[in-house]
Amino acid sequence: MSVLVKNALNIADLRELARKRLTKALFDFCDKGSEDQINMLANRTALDNIKLMPRMLRDVSGRDPCIALFGKEHSLPLMIGPTGPAGFVWYRGETELAKAAAKANIPFTVASTSNTPMEDIYQNGGGTQWYQLYVWQDIEASLVTAKRALDAGYEALVLTVDSPVYNNREIDTRNGLKFPPTISTRTALDVMLHPRWLFGTLAKYYLAEGRLPAFSNIHIPDKQKANAKKYVSASTKGFLNRNETLDWDFVKRLRDLWPKKLLIKCVLHPEDAATAVSCGVDGIFVSNHAGNVNDCAITAWDALPAISDAVGGKLTIIADTGVRRGSDVIKGLALGADVVAVGRATLYGVAAAGETGATRALEILEAEIRRTMAVMGINQILDISRDHIRLPADLPVSGNSQL
Ligand SMILES: Cc1cc2nc3c(=O)[nH]c(=O)nc-3n(C[C@H](O)[C@H](O)[C@H](O)COP(=O)(O)O)c2cc1C
0 MSVLVKNALN
10 IADLRELARK
20 RLTKALFDFC
30 DKGSEDQINM
40 LANRTALDNI
50 KLMPRMLRDV
60 SGRDPCIALF
70 GKEHSLPLMI
80 GPTGPAGFVW
90 YRGETELAKA
100 AAKANIPFTV
110 ASTSNTPMED
120 IYQNGGGTQW
130 YQLYVWQDIE
140 ASLVTAKRAL
150 DAGYEALVLT
160 VDSPVYNNRE
170 IDTRNGLKFP
180 PTISTRTALD
190 VMLHPRWLFG
200 TLAKYYLAEG
210 RLPAFSNIHI
220 PDKQKANAKK
230 YVSASTKGFL
240 NRNETLDWDF
250 VKRLRDLWPK
260 KLLIKCVLHP
270 EDAATAVSCG
280 VDGIFVSNHA
290 GNVNDCAITA
300 WDALPAISDA
310 VGGKLTIIAD
320 TGVRRGSDVI
330 KGLALGADVV
340 AVGRATLYGV
350 AAAGETGATR
360 ALEILEAEIR
370 RTMAVMGINQ
380 ILDISRDHIR
390 LPADLPVSGN
400 SQL
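Residues in the sequence shown are numbered from 0 upward in steps of one, following numbering that gives the first Met the number 0.
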């Protein structure tokens with residue numbers, strides 16, 4: 000582990016290392032949300048406004064952050080969510096993330112838009128791996144991808160359901176960001192100013208594979224292969240357009256097709272969570288998708304208690320968006336999540352230093368989770384309850400100051 004990565008004290012330090020290594024356009028892609036960044040900031044504010052209610056004198060010397068998830072023991076109440084084409088920030092970045100997750104003994108989710116072939120990630124990454132599915136215009140082609148994930152060995156399928164249309168990431172348009180990255184007069188300076196990314200990532204693909212990273216896991220039907228180049232360039236038109244027709248019948252269909260654990264991602268309404276239960280779904284992500292989609296949506300943390308009240312115990316609840324500290328994880332569990340997910344925390348790590356950077360992110364979060372458990376008087380994750388937190392409305396002084 001490089002000294003700089005080793006010296007990173009927190010996720011913010013890793014973010015800074017990622018910022019220095021990546022082009023501005025790529026860093027903003029990882030770091031920013033859609034439109035006015037309202038949702039991303041709101042998720043952070045929601046977490047910051049939750050206060051922890053510690054208990055004293057509970058002998059915390061034997062505390063244990065392990066959890067059981069879908070019948071498997073994992074070392075932390077934490078997992079890594081899907082973060083798009085992580086192979087653009089580090090050579091075969093998805094495998095690096097999977098390896099770091101396996102080392103920490105937590106689950107990792109491969110994104111539909113990952114660059115590394117899913118079979119390679121599964122084989123070389125190890126550990127518990129799930130596959131995230133976007134459904135494109137061509138539903139049948141998307142289902143071929145799901146079948147491929149099943150054949151590859153993925154233990155769970157995560158259907159992301161909040162994106163019937165493309166998000167409005169104005170920042171990417173302004174930065175001239177394209178996938179695969181194109182070097183225009185506009186982006187050339189940005190690339191030249193970041194030689195560690197140019198030579199350490201982009202050039203490595205050329206040397207090792209003779210091409211730029213592509214979307215290796217998107218099935219393009221034969222009849223559309225002629226236009227494949229256009230499709231894999233992530234044009235917002237054509238094959239890669241999201242599917243506007245999806246409804247709960249599709250979830251039922253997927254439930255029939257996918258024999259392992261099925262989760263849906265980005266649920267924010269308790270009635271949707273209840274419908275997920277009735278469709279036989281095994282878990283949901285209460286998530287704002289990193290603030291990348293609906294800039295004005297309720298935060299995951301504000302949505303979580305009602306969802307937990309509606310379906311807690313009937314399916315597994317994973318919550319994410321904005322998590323940067325171990326104390327955030329404890330807050331999410333107290334609000335009703337069974338597991339908390341991170342996206343950017345480990346993405347910053349992998350962008351800074353590949354597997355070692357992602358491992359450092361997880362080490363930091365683990366130390367913070369263990370420390371927070373100690374100062375909260377918590378010995379077991381299952382002991383965490385809503386009594387361990389106070390929301391702004393519960394607090395006489397800071398609560399009133401919100402009025
Ligand atoms: C750069 C980036 C790409 C992402 N790509 C996907 C994706 O392809 N599919 C998906 O369901 N969620 C995606 N997400 C959302 C994450 O899975 C997760 O919900 C989110 O990152 C959590 O918020 P956090 O980054 O603040 O931890 C992405 C997030 C980021 C930051």
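Where a beta carbon is used, it is the ideal one built from N, C-alpha and C, also for glycine.
No experiment lies behind these values; they were computed from the predicted model shown.
Residue pairing of H387 in beta bridges, as defined by DSSP: absent, with no partner found. Annotation: L21 to W196 spans about 6 Å, alpha carbon to alpha carbon. CA-to-CA, the gap between L8 and I363 works out to about 7 Å. Here the distance from the Cβ of M78 to the nearest heavy atom of ligand 1 is not below 8 Å. By the CB criterion at 9 Å, D337 and L158 fall outside the cutoff. Comparing alpha-carbon positions, the option among P180, H193, K251 and P194 lying closest to P212 turns out to be P180. Distances from the CB of S215 to the heavy atoms of ligand 1 are all 8 Å or more. Nearest neighbour of V109 by Cα position, chosen from S141, Y153, L142 and L77, turns out to be Y153. Judged by beta-carbon spacing, S111 lies beyond the 9 Å limit of G290, meaning their Cβ atoms are not closer than that value.
Look at the segment 126-163 and you find these whole runs of beta strand (DSSP E), each 3 residues long or longer: 128-132 and 155-159.
Within the segment 80-112, the beta strand (DSSP E) runs of at least 3 residues that lie entirely inside it are, in chain order, 107-109. In this chain, G348 is not harboured by any beta strand (DSSP E); it is covered by the alpha helix (DSSP H) spanning R343 to M375.
Nearest C-alpha to L149 among W129, N166 and N167: W129.
Listed in chain order, the non-local C-beta contacts of R168 below 6 Å within the same chain comprise S33, local neighbours out to five positions each way being set aside.
When only Cα atoms are considered, C65 and D382 end up about 12 Å apart. Under the three-state reduction of DSSP output, Q379 falls in the strand class. Short note on N9: C-beta not closer than 8 Å to any heavy atom of ligand 1. Not one heavy atom of ligand 1 sits closer than 8 Å to the Cβ of Y165. Classified as exposed, E72 has fewer than 16 neighbouring CB atoms from the shown chains inside 10 Å of its CB. Ranking K259, W257 and V292 by CA distance to the CA of V266 puts V292 first. Classified as exposed, G312 has fewer than 16 neighbouring CB atoms from the shown chains inside 10 Å of its CB. As the crow flies, the alpha-carbon of R147 is around 48 Å from that of R54. For the set V280, A275 and K264, the Cα lying nearest the Cα of A299 is the one of K264.
Rounded to whole angstroms, D119 and I297 show a C-alpha spacing of 37 Å.
For T186, the three-state secondary structure derived from DSSP is helix.
Look at E72 here: in three-state DSSP terms it is strand. Contact between I368 and I317 is absent: CB atoms are separated by about 16 Å, not below the 8 Å threshold. The beta carbons of N104 and G83 sit no closer together than 9 Å. Listed in chain order, the non-local C-beta contacts of G80 below 6 Å within the same chain comprise T108, D319, A340 and G342, local neighbours out to five positions each way being set aside. Taking 8 Å as the cut-off, the C-beta of L68 does not count as close to any heavy atom of ligand 1.
A distance criterion of 8 Å places the beta-carbon of F107 beyond contact range of ligand 1, judged by its closest non-hydrogen atom. Per DSSP, I329 is one residue of the alpha helix (DSSP H) stretching across G325 to L334.
Judged by DSSP in its simplified three-state form, L8 adopts coil rather than helix or strand. With fewer than 16 other beta carbons inside 10 angstroms of its own, T172 counts as exposed.
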